[in-house]
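Q:
2 protein chains.
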Amino acid sequence: MNTHDAVTILACLAQEARLEIFRLLVQHSPEGLAAGEIGKRLNIPASTLSFHLKELSHAGLVRAEQSSRFIYYSTDFKAINELVAYLMENCCGGEPGKCVPPACNC
Amino acid sequence: MNTHDAVTILACLAQEARLEIFRLLVQHSPEGLAAGEIGKRLNIPASTLSFHLKELSHAGLVRAEQSSRFIYYSTDFKAINELVAYLMENCCGGEPGKCVPPACNC
DNA sequence: ACATTATTTCTATAATTATGGAAATATAGA
DNA sequence: TCTATATTTCCATAATTATAGAAATAATGT
Chain A
29 MNTHDAVTIL ACLAQEARLE IFRLLVQHSP EGLAAGEIGK RLNIPASTLS FHLKELSHAG
89 LVRAEQSSRF IYYSTDFKAI NELVAYLMEN CCGGEPGKCV PPACNC
Chain B
29 MNTHDAVTIL ACLAQEARLE IFRLLVQHSP EGLAAGEIGK RLNIPASTLS FHLKELSHAG
89 LVRAEQSSRF IYYSTDFKAI NELVAYLMEN CCGGEPGKCV PPACNC
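Taken in sequence, the protein lines are chains A and B.
Positions in the first sequence are counted from 1; adding 28 to them yields my numbering.
Positions in the second sequence are counted from 1; adding 28 to them yields my numbering.
1. With distances taken from CA atoms, which of A:Ala63, A:Glu48, A:Asp104 is nearest A:Ser57?
2. Quick check: the Cα distance between B:Thr76 and A:Glu48, rounded to an integer number of angstroms?
3. Would you say B:His80 and B:Ala45 are within 8 Å of each other, going by their C-beta atoms?
4. Just to make sure I have the definition right: I need the residues of chain A whose C-beta is within less than 9 Å of the C-beta of B:Gln55. Which are they?
5. Could you name the residues of the same chain whose beta carbon sits closer than 7 Å to that of A:Tyr114, not counting the 5 residues immediately before and after it, in chain order?
6. Give the DSSP bridge partners of B:Arg91, in chain order.
7. Which residues in chain A sit within 8 Å of B:Arg51, going by Cβ to Cβ distance?
8. Can you pull the chain A residues whose beta carbon is under 7 Å from the beta carbon of B:Ala107, in chain order?
9. Can you name the residues of chain B whose CB is closer than 9 Å to the CB of A:Asp43?
10. Would you kindly check if the distance between the Cβ of A:Ala42 and the Cβ of A:Arg101 is under 8 Å?
11. Is A:Ala42 helix, strand or coil by DSSP?
12. Within this structure, are the beta carbons of A:Ile37 and A:Ala87 separated by less than 8 Å?
13. Looking at C-alpha atoms only, which residue of B:Leu61, B:Ile72, B:Lys68 is the closest neighbour of B:Gln94?
14. Verify the CB distance criterion: does B:Glu48 have a CB-CB separation below 8 Å to chain A?
15. Quick check: what's the CA-CA separation for B:Leu84 versus B:Leu53?
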């Protein structure tokens, strides 16, 4: 993780629609949801949703898997865990055991 | 924590200069650093630095404390801990014990 | 091949945000 | 009060990003 990657991830989540998509997928881990189902639940037009899902994929926050005509999107926890660790790096002088546990062990 | 607050915090950190300021302050918790010292270390012009420090303060990510002519900025871990918890809310069906430890106990 | 459903790409418009110099404000010591 | 140092506010310019309709692409069943 470096500054550039961290900014990419943070910028990706710093948008209402994408943040809600991400949280919805966190709550439906590890199976994920089809794109259309996400759009229905969050009331996002298909083209807008597609744009945001691509951003989330590029940032490494979600994974896409095709299954017949549906594309299932699911959370990729690696990026978010690394981001939290990066933000807290050497926290408080690097005293061990206090900081930087992973956000999720899923 | 709600979507709006989370987006504010994420957008605040989704900027190279602010991310570096935040990380520098994390590494100098809990004492903090004077504004001028931050600018010197990260090579950021005073007016630009002031703009970014204000954004970080508004988002609740840092605290400012005046001490004679210096203003010491330090990390406020409350916002970042709440943000991580919000992102991971009901992770994996809400199975307890796996997710959402605080990012830092400082 | 055709029709249906799912998703993406293209496109123009609108809105937001970062930058840093110059001037203003604040604090403290001589 | 004068001077030096620290920080902020103001401002115009530049750059980035979100939106959603229309058209294009993809997959499946008839």
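We put the beta carbon where it would ideally sit given N, CA and C, even for glycine.
A: Quick answer:
1. A:Asp104
2. 31 Å
3. yes
4. Glu117, Asn118, Cys119, Cys120, Gly121, Gly122
5. Cβ contact annotation for A:Tyr114 (same chain, cutoff 7 Å, sequence separation greater than five): Met29, Ala34, in chain order.
6. Secondary-structure assignment with DSSP links B:Arg91 through a beta bridge to B:Ser102.
7. Tyr114, Leu115, Glu117
8. The premise fails here: B:Ala107 is roughly 11 Å from chain A at the closest Cβ pair, so nothing lies under 7 Å.
9. It is worth fixing the name first, because residue 43 of chain A is Gln in this sequence and not Asp. Those are Val35, Leu38, Ala39, listed as they occur along chain B.
10. This sequence places Tyr at residue 101 of chain A; Arg is not what is there. The answer is no: Cβ separation not under 8 Å.
11. coil
12. yes
13. B:Gln94 has its Cα closest to that of B:Leu61, out of B:Leu61, B:Ile72, B:Lys68.
14. yes
15. Roughly 11 Å separates the two Cα atoms.
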